[in-house]
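Chemist: Sharing a structure, written as structure tokens. Questions coming.
2 protein chains.
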Amino acid sequence: MSVGIVEEKSVTFDTELRLESGRILGPITLAYETYGELNAARSNAILVTHAWTGSAHLAGRYSAEEQKPGWWNEIVGPGKLLDTERYFIICSNVVGSCFGSTGPASVNPKSGKRYNLSFPVITVRDMVRAQRLLIDHLGIERLFCVMGGSMGGMQALEWATQFPDRIASAIVLATTPRPSAQAISLNAVARWAIFNDPTWKKGEYRKNPKDGLALARGIGHITFLSDESMTAKFGRRFSARDGQFDFFGRFEVERYLSYNGYNFVDRFDANSFLYLAKALDLYDVAWGYESLEEAFARVEVPIQFFAFTSDWLYPPAQTEEMVAALERLAKPVDYHLIASAYGHDAFLLEHETFTPMVRDFLDKVNRLTG
Amino acid sequence: MSVGIVEEKSVTFDTELRLESGRILGPITLAYETYGELNAARSNAILVTHAWTGSAHLAGRYSAEEQKPGWWNEIVGPGKLLDTERYFIICSNVVGSCFGSTGPASVNPKSGKRYNLSFPVITVRDMVRAQRLLIDHLGIERLFCVMGGSMGGMQALEWATQFPDRIASAIVLATTPRPSAQAISLNAVARWAIFNDPTWKKGEYRKNPKDGLALARGIGHITFLSDESMTAKFGRRFSARDGQFDFFGRFEVERYLSYNGYNFVDRFDANSFLYLAKALDLYDVAWGYESLEEAFARVEVPIQFFAFTSDWLYPPAQTEEMVAALERLAKPVDYHLIASAYGHDAFLLEHETFTPMVRDFLDKVNRLTG
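Following this line, the structure appears as structure tokens:
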């Protein structure tokens with residue numbers, strides 16, 4: 111069952127947040143949505159954290175006319191994995207994004223103009239600091255769980271290491287303790303594509319720089335898929351409209367990347383894309399610590415990890431490095447390697463592969479905390 | 111020992127070549143170099159075929175001042191793997207390239223203007239048809255061997271399947287029978303980077319479109335390396351000149367890709383890059399046949415294959431598919447999977463890993479043909 115018609119909420123904090131960079135950001139607005147009811151003990155809240163281009167719109171529809179439901183609708187609702195009859199589900203748009211939270215496209219109240227590149231570089235740790243303001247605002251002392259994939263998983267890791275007393279568990283999917291040189295490179299060329307677009311104007315555009323952003327998304331898209339899934343879906347099929355020997359003739363996979371890239375331009379701000387790409391690349395769970403172990407020594411609650419065999423952006427070995435570190439520290443950790451052809455995006459596309467394990471894990475956390 | 115000072119040669123064929131596309135190209139000029147001496151029996155010629163951005167300048171230097179020798183100098187020379195005291199080595203620049211052979215930057219004698227996008231789409235099979243004109247011109251009935259990696263390996267495969275009576279053996283490194291959907295995608299975004307550059311002007315530029323071509327090269331570069339080699343060389347090191355929280359601050363790997371990308375602009379024509387990218391993507395050794403087996407049924411000579419474990423552009427499984435097909439046909443085939451961290455570029459960077467096997471293979475071919 112669906113959570114039905116939902117509404118986006120918003121809260122503005124008048125506090126100034128000191129960022130990892132040392133710079134100050136404030137006031138901060140966060141867009142968020144909630145589903146289900148907070149229980150009297152305020153102990154049933156699950157925070158779901160979104161990936162790079164996600165939003166607070168996790169589940170349900172804003173109106174009966176909205177074509178697509180929220181981005182993880184399949185697992186959030188009455189009787190679903192994140193059962194809204196049992197849990198109070200929260201999702202908030204991260205700082206730096208463009209779906210209602212403060213980001214580079216927001217107006218800086220001090221200048222009356224859009225931040226654009228005067229927006230400070232933010233980190234995943236900063237995103238989580240802002241989220242904590244929201245959790246305080248909602249009057250929740252301790253989240254039952256923080257769950258997310260990719261950049262959402264990084265946020266879950268930050269909750270577990272930076273605010274260990276504020277959560278009872280974490281679920282981390284398709285994530286890395288720190289992106290590798292290759293992952294950084296692929297984001298680097300995506301950034302470069304936007305920088306190359308003359309309509310980007312060092313961030314001072316009126317209209318999204320479409321060719322650069324579409325290409326940047328196209329590059330990103332490749333990293334979210336796998337050769338196996340692309341081969342299954344497109345293979346080497348040539349576009350039926352084009353001649354194979356036309357200079358501009360395209361393979362089907364090429365058309366698909368272009369079509370999706372240009373669609374993306376209508377819904378995502380180029381500067382936000384750049385700021386979040388940078389946050390991803392800078393991410394290191396051990397940032398400010400001597401080692402992964404030192405960072406993970408702070409963890410106090412069970413963490414469940416999922417990696418996906420065909421994820422070449424954040425390959426399973428990188429998750430396994432975290433699992434091994436936690437095991438050396440005798441921390442409660444649960445790990446599942448899921449066989450999947452869907453690459454990095456598997457966490458969004460194949461929820462049925464991890465649903466039973468997540469359900470068991472949440473039941474176990476319930477027994478531990480109950 | 112080096113082959114020493116060498117000179118580039120050039121030959122123009124007044125014939126018109128009917129291309130795979132059905133279009134006609136002519137006259138055709140090919141730049142080429144040779145090293146060593148053709149023996150009286152004309153039986154000691156080895157054709158070395160180059161990859162995407164290679165040239166006829168395989169070995170030696172044009173003058174004592176030339177900083178770098180030819181692109182595979184390490185294996186060509188007196189006493190080297192391709193021993194110029196024993197073999198007559200030939201390398202020619204492919205049709206469509208920009209190093210002296212007819213390509214989109216050449217002047218079309220019919221119009222007196224550069225071809226640019228009026229140049230026909232060419233295939234690897236077309237490149238080999240043009241090479242055959244050169245081999246005829248040199249008076250060689252039968253090449254002792256054709257050897258190449260990547261697009262060079264595709265050319266060797268075309269010689270083995272299209273002109274089986276004109277060769278005595280072939281050596282194919284880091285190649286694929288046909289690039290996968292992911293490999294096509296990565297070339298697609300590289301093309302897109304050039305198309306996005308307003309100075310490209312649909313190919314009618316006076317100066318190479320530098321930002322687009324540099325980015326296209328940057329994307330390509332990532333596919334030639336591996337996560338392992340990038341991690342070893344750069345890891346997550348941040349440029350010492352930049353602040354980690356500067357918006358334009360860069361990781362070392364990012365600077366490296368940019369630096370090499372912009373260097374590339376000085377030496378490679380953007381339209382050639384596009385035409386050759388297309389030739390790579392269109393490549394299918396079974397083009398015009400029902401199956402790989404039907405194409406390989408034409409092979410009459412021993413083929414030696416090398417794949418490299420960390421090559422994710424043309425992964426070993428794709429080479430193994432060819433080896434298996436040849437084995438099913440009971441054709442003489444020799445296959446080596448080389449453990450390497452260097453990705454696709456391993457064939458250029460780690461010649462010592464395959465030198466002993468190539469030497470044995472050539473000796474065996476000598477015994478067979480001798």
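Which chain is which? The protein sequence lines are H and S, in order. Residue numbering for the first sequence follows our numbering, starting at 111 and increasing by one per position. Residue numbering for the second sequence follows our numbering, starting at 111 and increasing by one per position. Ideal placement from N, C-alpha and C gives every residue a C-beta, glycine not left out. Computed from a prediction, not measured in an experiment: that's the story for all the values here.
1) In this structure, does DSSP put residue 171/S in helix, strand or coil?
2) Would you mind sorting residue 222/H into buried or exposed? The rule is 16 or more other CB atoms within 10 Å of its CB.
3) Could you check if residue 177/S is buried or exposed, using at least 16 other CB atoms within 10 Å of its CB as the buried criterion?
4) Name the DSSP bridge partner or partners of residue 277/S?
5) Can you tell me where the alpha helix (DSSP H) with residue 382/S in it begins and where it stops?
6) Start and end of the beta strand (DSSP E) containing residue 464/H?
7) Which class does residue 309/H belong to by DSSP, given the choice of helix, strand or coil?
8) Compute the minimum distance between the beta carbon of residue 259/S and the heavy atoms of the ligand MN, and state whether it is under 6 angstroms.
9) Measure the C-alpha to C-alpha separation of residue 263/H and residue 183/H and round it to an integer number of angstroms.
10) Thinking C-beta only, is residue 155/S closer than 7 angstroms to residue 253/S?
11) Output needed in chain order: residues of the stretch 312-331 of chain H with a Cβ under 7 angstroms from some Cβ in chain S.
12) Using a cut-off of 9 angstroms between C-beta atoms, extract the partners of residue 391/S located in chain H.
13) What did DSSP end up calling residue 191/S once you bin it into helix, strand or coil?
14) Can you round the beta-carbon distance between residue 133/H and residue 230/H to whole angstroms, since I take them to be within the 8 angstroms contact cut?
15) Between residue 512/H and residue 311/H, what straight-line distance do the alpha-carbon atoms span, to the nearest angstrom?
16) Given a cut-off of 7 angstroms, decide if residue 457/S and residue 284/S are closer than it, judged by their beta-carbon atoms.
17) Could you tell me which residues DSSP pairs with residue 208/S in its beta bridges?
18) Classify residue 231/H as helix, strand or coil using the three-state DSSP reduction.
19) Select from 152/H, 118/H, 314/H and 256/H the residue whose C-alpha is nearest the C-alpha of residue 173/H.
20) Can you give the Cα-Cα distance for residue 150/S and residue 131/S, rounded to whole angstroms?
21) Excluding the 5 residues flanking residue 431/H on each side, which residues of the same chain have their C-beta closer than 8 angstroms to its C-beta?
22) Under the three-state reduction of DSSP, which class applies to residue 196/H: helix, strand or coil?
23) Would you please state the rounded distance, in angstroms, between the beta carbons of residue 460/S and residue 452/S? I believe it to be under 8 angstroms.
24) Looking only at its own chain, which residues have a Cβ that is under 7 angstroms from the Cβ of residue 387/H, when we skip the five neighbours before and after it?
25) State the DSSP-derived secondary structure class of residue 202/H, mapped to helix, strand or coil.
26) Roughly how many angstroms separate the alpha carbons of residue 238/S and residue 235/H, rounded to a whole number?
27) Check the Cβ-Cβ distances between residue 355/S and every residue of chain H, and say whether any is below 7 angstroms.
28) Do residue 336/H and residue 207/H have their beta-carbon atoms positioned less than 7 angstroms apart in this structure?
29) Out of 466/H, 327/H, 361/H and 180/H, point me to the one whose CA is closest to residue 390/S's CA.
30) Here's the rule: buried if 16 or more other CB atoms are within 10 angstroms of the residue's CB, otherwise exposed. What is residue 122/H?
31) Once you ignore the five residues that flank residue 409/S on each side, which residues in its own chain have a CB closer than 8 angstroms to its CB?
32) Residue range of the beta strand (DSSP E) that residue 414/H falls in?
33) Measuring CB to CB, does residue 260/S end up less than 7 angstroms from residue 161/S?
34) With a threshold of 7 angstroms between beta-carbons, can residue 299/S be considered close to chain H, or not?
35) Return yes when the Cβ of residue 367/H is within less than 7 angstroms of the Cβ of residue 331/H, no when it is not.
36) Contact criterion: CB-CB distance below 7 angstroms. Does residue 291/S meet it with respect to chain H?
Modeler: So, to answer that:
1) Reading the second sequence from its first residue, position 61 is the one you call residue 171/S. Of the three classes helix, strand and coil, the one that applies to residue 171/S here is strand, per DSSP.
2) Residue mapping note: residue 222/H aligns to position 112 of the first sequence, counting from 1. Exposed: under 16 other Cβ atoms inside 10 Å.
3) Stepping through the second sequence from its first residue, residue 177/S is reached at position 67. Exposed is the call here.
4) Translated into positions along the second sequence, residue 277/S becomes position 167. DSSP lists 253/S as partners of residue 277/S.
5) For the purposes of this step, residue 382/S is taken as residue 272 along the second sequence, with counting starting at 1. For residue 382/S, the enclosing alpha helix (DSSP H) begins and ends at 380-392.
6) Within the first sequence, the letter at position 354 stands for residue 464/H. Under the DSSP assignment, residue 464/H falls outside any beta strand (DSSP E); it carries neither an H nor an E label.
7) Along the first sequence, read from residue 1 onward, the residue named residue 309/H stands at position 199. Shown here, residue 309/H sits in coil according to DSSP, grouped into three states, outside any helix or strand.
8) This structure does not include the ligand MN; it has no bound ligands of any sort.
9) Counted from its first residue, the first sequence places residue 263/H at position 153. Counted from its first residue, the first sequence places residue 183/H at position 73. Each residue's alpha carbon lies about 18 angstroms from the other.
10) The residue given as residue 253/S occupies position 143 in the second sequence. The residue given as residue 155/S occupies position 45 in the second sequence. Taking 7 angstroms as the Cβ cut-off, residue 253/S and residue 155/S qualify as a contacting pair.
11) Cβ contacts with chain S: 321, 322, 325, 328 and 329.
12) For this step, residue 391/S is matched to residue 281 along the second sequence. Chain-ordered, the chain H residues with CB closer than 9 angstroms to the CB of residue 391/S read 346, 361 and 364.
13) Here residue 191/S corresponds to residue number 81 of the second sequence, with the count starting at 1. Collapsing the DSSP output to three states places residue 191/S in coil.
14) The residue you call residue 133/H lines up with position 23 of the first sequence. The residue you call residue 230/H lines up with position 120 of the first sequence. About 4 angstroms separates the two Cβ atoms, so the contact holds.
15) With chain H covering only 111 through 480, there is no way to say anything about residue 512/H.
16) As a first step, residue 284/S is located in the second sequence; it is residue number 174 there, counting from the start. As a first step, residue 457/S is located in the second sequence; it is residue number 347 there, counting from the start. Yes, Cβ-Cβ distance for residue 284/S and residue 457/S is below 7 angstroms.
17) Here residue 208/S refers to the residue found at position 98 of the second sequence. Looking at the DSSP assignment, residue 208/S forms no beta bridge with any residue, so it has no partner.
18) As a first step, residue 231/H must be located in the first sequence, where it is residue number 121. Per DSSP, reduced to three states, the secondary structure at residue 231/H is coil, with no helix or strand assignment.
19) Sequence index remark: in the first sequence, residue 173/H carries index 63 (1-based). Checked all of 152/H, 118/H, 314/H and 256/H; the closest Cα to residue 173/H is 118/H.
20) For this step, residue 150/S is matched to residue 40 along the second sequence. For this step, residue 131/S is matched to residue 21 along the second sequence. Each residue's CA atom was taken as its position, placing residue 150/S and residue 131/S some 38 angstroms apart.
21) Residue 431/H sits at position 321 when you count from the first residue of the first sequence. Counting only Cβ-Cβ distances below 8 angstroms, and skipping sequence neighbours, we find 287 and 402.
22) Start at 1 with the first residue of the first sequence, and residue 196/H comes out as number 86. The answer is coil: DSSP assigns residue 196/H none of H, G, I, E or B.
23) Translated into the one-based positions of the second sequence, residue 460/S becomes position 350. Translated into the one-based positions of the second sequence, residue 452/S becomes position 342. About 6 angstroms; that satisfies the 8 angstroms criterion.
24) Start at 1 with the first residue of the first sequence, and residue 387/H comes out as number 277. Closer than 7 angstroms at the Cβ level, and outside the excluded window around residue 387/H, lie 297, 300 and 301.
25) As a working mapping, residue 202/H is identified with position 92 in the first sequence. In the structure shown, residue 202/H sits in a strand (DSSP, three-state: E or B).
26) For the purposes of this step, residue 238/S is taken as residue 128 along the second sequence, with counting starting at 1. For the purposes of this step, residue 235/H is taken as residue 125 along the first sequence, with counting starting at 1. Going from the Cα of residue 238/S to the Cα of residue 235/H covers about 56 angstroms.
27) Here residue 355/S corresponds to residue number 245 of the second sequence, with the count starting at 1. Residue 355/S counts as touching chain H.
28) Position 97 of the first sequence holds residue 207/H. Position 226 of the first sequence holds residue 336/H. Result no, Cβ atoms of residue 207/H and residue 336/H do not sit closer than 7 angstroms.
29) Counted from its first residue, the second sequence places residue 390/S at position 280. That would be 361/H, whose Cα lies nearest to the Cα of residue 390/S.
30) Within the first sequence, numbered from 1, the residue matching residue 122/H stands at position 12. That one is exposed.
31) As a position in the second sequence, residue 409/S is number 299, starting the count at 1. Residues of the same chain with a CB within less than 8 angstroms of the CB of residue 409/S, apart from the 5 flanking positions on each side, are 270, 271, 274, 436, 439 and 441 in chain order.
32) On the first sequence, residue 414/H is found 304 positions in, with the first residue counted as 1. Start and end: 413-418.
33) Counting from one through the second sequence, the residue named residue 260/S turns up at place 150. Counting from one through the second sequence, the residue named residue 161/S turns up at place 51. Between residue 260/S and residue 161/S, the C-beta gap is smaller than 7 angstroms, which places the two residues in contact.
34) Taking the second sequence and counting its residues from 1, the one referred to as residue 299/S is at position 189. Yes, because at least one Cβ of chain H sits closer than 7 angstroms to the Cβ of residue 299/S.
35) Reading the first sequence from its first residue, position 221 is the one you call residue 331/H. Reading the first sequence from its first residue, position 257 is the one you call residue 367/H. Contact flag set, yes.
36) Here residue 291/S refers to the residue found at position 181 of the second sequence. At least one chain H Cβ lies under 7 angstroms of residue 291/S.
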